[in-house]
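Notes to accompany the following structure.
2 protein chains.
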Amino acid sequence: MDKDIFTKLLRERGQRFTKERFVILQKALSYDGHFDPETLYLQIRKTGSKASRASVYRTLSVLRECGVIQQVAKTEHGTVYERTYGHRHHDHMLCVQCGDILEFYSEELEKIQENICKKQGFQGSSHTLEIRGYCKKCRKKKK
Amino acid sequence: MDKDIFTKLLRERGQRFTKERFVILQKALSYDGHFDPETLYLQIRKTGSKASRASVYRTLSVLRECGVIQQVAKTEHGTVYERTYGHRHHDHMLCVQCGDILEFYSEELEKIQENICKKQGFQGSSHTLEIRGYCKKCRKKKK
DNA sequence: ATTGTAATTGAGACTCATTCTCAATTATAA
DNA sequence: TTATAATTGAGAATGAGTCTCAATTACAAT
Ligand SMILES: [Mn+2]
Ligand SMILES: [Mn+2]
Ligand SMILES: [Zn+2]
Ligand SMILES: [Zn+2]
Numbered sequence: 153m154d155k156d157i158f159t160k161l162l163r164e165r166g167q168r169f170t171k172e173r174f175v176i177l178q179k180a181l182s183y184d185g186h187f188d189p190e191t192l193y194l195q196i197r198k199t200g201s202k203a204s205r206a207s208v209y210r211t212l213s214v215l216r217e218c219g220v221i222q223q224v225a226k227t228e229h230g231t232v233y234e235r236t237y238g239h240r241h242h243d244h245m246l247c248v249q250c251g252d253i254l255e256f257y258s259e260e261l262e263k264i265q266e267n268i269c270k271k272q273g274f275q276g277s278s279h280t281l282e283i284r285g286y287c288k289k290c291r292k293k294k295k
Numbered sequence: 153m154d155k156d157i158f159t160k161l162l163r164e165r166g167q168r169f170t171k172e173r174f175v176i177l178q179k180a181l182s183y184d185g186h187f188d189p190e191t192l193y194l195q196i197r198k199t200g201s202k203a204s205r206a207s208v209y210r211t212l213s214v215l216r217e218c219g220v221i222q223q224v225a226k227t228e229h230g231t232v233y234e235r236t237y238g239h240r241h242h243d244h245m246l247c248v249q250c251g252d253i254l255e256f257y258s259e260e261l262e263k264i265q266e267n268i269c270k271k272q273g274f275q276g277s278s279h280t281l282e283i284r285g286y287c288k289k290c291r292k293k294k295k
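Order-wise, the sequence lines are chains A and B. For the first sequence, the residue numbers in our numbering are 153 to 295. For the second sequence, the residue numbers in our numbering are 153 to 295.
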């Protein structure tokens, strides 16, 4: 996503383009998988660019409201995000022990949801399925 | 759920029956809908019984591990629980137009989720499925 | 019933993600 | 260039949840 599109997005919200916001946008879109605000913040610092923690949190909220990224989960270790654009749909398993997040996709699951919607006259446009429990590693540790 | 069943549950975990734990159990089961730890804590205090915040958090964890209650969501205002015991599990459809929430249940959907977990070696203990879209009424209005 | 002891409790200190404050800075339109 | 409203950042504040540890209590063994 380039500067102009981003500027336009902000304009529509009555907000200004700033280098801090742009740096945060670029970093957020650089992740193929999941990321959290603190990691993003530290990586921005490491690369010499600068943006405060406050700006990171503020900008991630903006990006979420614009649909550029989405919240994947709120774990005991913080909020996890992922980019929305260019990412095919999938659902999540969340380990309540270590906070690990696994992704999965099931065509069957999607189809059944469509049928359920049809039956109830509901026009579904998106969904979130989060399965919570213990991942393989943490199951072993428990024993 | 009565004292004896609860005592047995705790026994199996090598834990003792205490009045604090029982008070917390009873309060947790008294909610038909959602509740959060702080509310539960304050209501226990108000009714003259006593149990500390620490015990509330500790006991809610125990109850969740026993499957008596489950985490519904982690929100910006904290963790939301609902009773499982004596309540049938269900999922939700949320109308983004009017905010209406429809409940549904699909045995098929549950089974498939179990299979997916098994395949990945994940021990699922609960899940949240929220389908967002337009309800029957709002679909008509749109036309 | 008494006793030994390991489990439990509670007050409050602590953690840590996130939000808030506000003076200094900056983007933007006039 | 200037006026000014938006934005920023350092650090303080908030708040949910966890941890500590001395005092208490459940309960099994006697
Ligand atoms: Mn994902
Ligand atoms: Mn439910
Ligand atoms: Zn795990
Ligand atoms: Zn509706």
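Note that the Cβ used here is the ideal one computed from N, Cα and C, for glycine as well.
Query: Coarse secondary structure for Thr231(B), derived from DSSP in three states; Result: strand
Query: When Gln222(A), Leu194(A) and Gly230(A) are compared against Leu181(A), the one with the closest alpha-carbon; Result: Gln222(A)
Query: Secondary structure, alpha helix (DSSP H): runs of 4+ residues fully inside the segment 153 to 230 of chain A; Result: 155 to 164, 171 to 182, 189 to 198 and 205 to 218
Query: Chain-ordered residues of the segment 215 to 226 of chain A with a beta carbon less than 7 Å from chain B; Result: Lys226
Query: Environment of Asp243(A) [buried if 16+ CB atoms lie within 10 Å]; Result: buried
Query: Any non-hydrogen atom of ligand 1 within 7 Å of Glu234(A) CB; Result: yes
Query: His244(A) beta carbon near ligand 1 (any heavy atom closer than 7 Å); Result: yes
Query: CB contact flag (Val214(A), Leu192(A), <8 Å); Result: no
Query: Alpha-carbon to alpha-carbon, Gly276(B) and Leu177(A); Result: 34 Å
Query: Nearest residue (CA-CA) to Glu260(A), options Asp252(B), Phe256(B) and Gln265(B); Result: Gln265(B)
Query: Check whether Ala203(A) and Val232(A) have beta carbons under 8 Å apart; Result: no
Query: Cβ pair His279(B), Leu254(A) closer than 8 Å; Result: no
Query: For Gln272(B): DSSP bridge partner residues; Result: Gln272(B) is not bridged to any residue.
Query: Rounded C-alpha distance that separates Thr199(B) from Arg205(B); Result: 15 Å
Query: For Asp243(A), the first and last residue of its enclosing beta strand (DSSP E); Result: Asp243 to Cys247
Query: Neighbour flag for Gln167(B) against chain A, beta carbons, 8 Å; Result: no
Query: Val224(A) Cβ short of 7 Å to ligand 1 heavy atom set; Result: yes
Query: Contact set for Gly285(B): own chain, Cβ-Cβ below 6 Å, skip 5 residues either direction; Result: none
Query: Neighbour list for His279(A) in chain B, Cβ cutoff strictly below 7 Å; Result: Leu281, Glu282, Ile283 and Arg284
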